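S.K.: One structure is given below, represented as structure tokens, and several questions about it will come after.
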Amino acid sequence: MSELRYDGRVAVVTGAGHGLGRQHALELAARGAKVVVNDLGGDRSGAGASAGPAQAVVDEIEKNGGEAAASPDNVATPEGAQAIVQTALDAFGKVDIVVNNAGILRDRSFKNMSPEEFDAVIAVHLRGSFLVSSAAWPHLREQGYGRIVNTSSPAGLFGNFGQANYATAKMGLVGFTKTLAHEGAKYGIKANAIAPVAWTRMTEDLFPADLAAKLGVEQVTPLVAYLVHESSADSGEVYTVGGGRIARIFVAEGPGYGQKETLSVEDVRDNWAAISAADPLTVFKNVGEQMGPLIQQLTG
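Heads up: the sequence shown begins at 1 in the UniProt record's numbering, then just goes up one per residue.
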């Protein structure tokens, strides 16, 4: 089969100075994309700034014969997000692909988490993804084509001790992704999310050291590269990926319990098993589909 290529495409990858983002940028560039490598250059808590990491990846891409431009701008500010996209426009004339990967950690148990620690993580992961996507959106709409990949996390989908801020941001990206998929459909814009499991400087404290080689970032990038390719047809989906395994994750609804009459507290108690049943599951594509059974019950 033919190799998947990105010739003529321009990609913006945030948080691309290290880890997953760096690997995404290198792979897309190696397959013909022109890449804006964005990285603020801070540590994993978000402190500090340096143009060095982004430029180092650009240098590596150019050494390998690719084309890239560095952006040390901050995804968490409107000005920074606009500057990231403007870098693509100035250097390459357009933007086709946005990979929202930038992130920081401020882990702390909920009882000890400060509002500042909560807000800082939301600002980079969730607000940053919104701001960069928002800056690119008019250009994607105008050209009738775009691919967006947001980086969620198993911690957001299933929760994790000490990560109330991070989990909130990452689950928020699921709803954000699904909404972009709906709103972008008629403009040829597809949006999906990944929930990666990989050994990076963000996760090195979470996994045993002997798993580092088996959870390499190179195991995640193929999914991202496929989702941003023009041949990828799916949109609004979430996939977990890592260690050589990929699986679709979905929000589903059980059969439930209902009646036309108003429910009482006792009705809820007495029918709890039916309310909590997980079989059969239904996966809805939009809120209209999800409300269908209720409307049918109320009007049937």
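Note that the Cβ used here is the ideal one computed from N, Cα and C, for glycine as well. Computed from a predicted structure; not experimentally measured.
Do you know offhand how far G159's Cα is from N64's?
M.R.: Reading the sequence shown from its first residue, position 159 is the one you call residue 159. Reading the sequence shown from its first residue, position 64 is the one you call residue 64. Computed Cα separation, rounded: 40 angstroms.
S.K.: I122 and N165 - do their beta-carbons sit closer together than 8 angstroms?
M.R.: Here residue 165 is taken as the residue at index 165 of the sequence shown, counted from 1. Here residue 122 is taken as the residue at index 122 of the sequence shown, counted from 1. Yes, the Cβ-Cβ distance between N165 and I122 is below 8 angstroms.
S.K.: Taking the alpha carbon of G254 as the point to measure from, which residue in A278, H24, N112, G15 has its own alpha carbon closest?
M.R.: Translated into the one-based positions of the sequence shown, residue 254 becomes position 254. That would be A278, whose Cα lies nearest to the Cα of G254.
S.K.: In chain order, what residues of the same chain lie with their CB nearer than 6 angstroms to the CB of G258, ignoring the 5 residues before and after it?
M.R.: Numbered from 1 along the sequence shown, position 258 holds the residue referred to as residue 258. Cβ neighbours of G258 beyond the five flanking positions: Q297.
S.K.: Within a Cβ cutoff of 7 angstroms, which residues of the same chain sit near G42, ignoring the five residues on either side of it in sequence?
M.R.: As a first step, residue 42 is located in the sequence shown; it is residue number 42 there, counting from the start. When the five nearest sequence neighbours on each side are left out, the beta carbons in the same chain lying within less than 7 angstroms of the beta carbon of G42 are those of G48, A49, in order along the chain.
S.K.: L126: which of S152, S114, Y145, Y187 sits nearest, CA to CA?
M.R.: Taking the sequence shown and counting its residues from 1, one reaches residue 126 at position 126. Closest by alpha carbon: S152.
S.K.: Quick one: measure Cβ to Cβ for V85 and A102, integer angstroms, because I've assumed they're closer than 8 angstroms.
M.R.: As a first step, residue 85 is located in the sequence shown; it is residue number 85 there, counting from the start. As a first step, residue 102 is located in the sequence shown; it is residue number 102 there, counting from the start. Their Cβ separation, rounded to whole angstroms, is 14 angstroms, which puts V85 and A102 out of contact at 8 angstroms.
S.K.: Whole angstroms is fine: what's the gap from F92's alpha carbon to A195's?
M.R.: The residue you call residue 92 lines up with position 92 of the sequence shown. The residue you call residue 195 lines up with position 195 of the sequence shown. Using only the alpha carbons, I get a separation of about 30 angstroms.
S.K.: Do you know offhand how far A54's Cα is from V224's?
M.R.: Mapped onto the sequence shown, residue 54 falls at position 54. Mapped onto the sequence shown, residue 224 falls at position 224. Cα to Cα, A54 sits roughly 19 angstroms from V224.
S.K.: Could you spell out the range, first to last residue, of the beta strand (DSSP E) harbouring R245?
M.R.: Reading the sequence shown from its first residue, position 245 is the one you call residue 245. In this chain, the beta strand (DSSP E) harbouring R245 covers 245-249.
S.K.: Classify N112 as helix, strand or coil using the three-state DSSP reduction.
M.R.: For the purposes of this step, residue 112 is identified with residue 112 of the sequence shown, where counting begins at 1. Assignment of N112 by DSSP, reduced to helix, strand and coil, places it in the helix class.
S.K.: Straight-line CA distance for G156 to A56?
M.R.: Here residue 156 refers to the residue found at position 156 when the sequence shown is read from its first residue. Here residue 56 refers to the residue found at position 56 when the sequence shown is read from its first residue. Cα-Cα distance, rounded: 31 angstroms.
S.K.: Quick check: what's the CA-CA separation for G32 versus A83?
M.R.: Against the sequence shown, residue 32 aligns to sequence position 32. Against the sequence shown, residue 83 aligns to sequence position 83. The alpha-carbon atoms of G32 and A83 are separated by roughly 23 angstroms.
S.K.: Considering only their Cβ atoms, is the gap separating V241 from V220 smaller than 8 angstroms?
M.R.: Numbered from 1 along the sequence shown, position 220 holds the residue referred to as residue 220. Numbered from 1 along the sequence shown, position 241 holds the residue referred to as residue 241. V220 is a Cβ neighbour of V241, given a cutoff of 8 angstroms.
S.K.: Tell me the rounded alpha-carbon separation between D107 and Q163.
M.R.: For this step, residue 107 is matched to residue 107 along the sequence shown. For this step, residue 163 is matched to residue 163 along the sequence shown. Their Cα atoms are separated by approximately 5 angstroms.
S.K.: Determine the contact status of V12 and N38, defining contact as a CB-CB distance below 8 angstroms.
M.R.: By one-based count along the sequence shown, residue 12 stands at place 12. By one-based count along the sequence shown, residue 38 stands at place 38. Yes.
S.K.: Once you ignore the five residues that flank S109 on each side, which residues in its own chain have a CB closer than 6 angstroms to its CB?
M.R.: By 1-based counting over the sequence shown, the position of residue 109 is 109. So the list reads G162, once near-sequence residues are dropped.
S.K.: Kindly indicate which three-state DSSP category P72 falls into: helix, strand or coil?
M.R.: Residue numbering aside, residue 72 sits at position 72 when the sequence shown is read from its first letter. If DSSP states are grouped into helix, strand and coil, P72 belongs with coil.
S.K.: Please report the Cβ distance between G175 and T14, rounded to the nearest whole angstrom; I am assuming they are in contact, meaning their Cβ atoms lie under 8 angstroms.
M.R.: As a working mapping, residue 175 is identified with position 175 in the sequence shown. As a working mapping, residue 14 is identified with position 14 in the sequence shown. Not confirmed; about 19 angstroms, so no contact.
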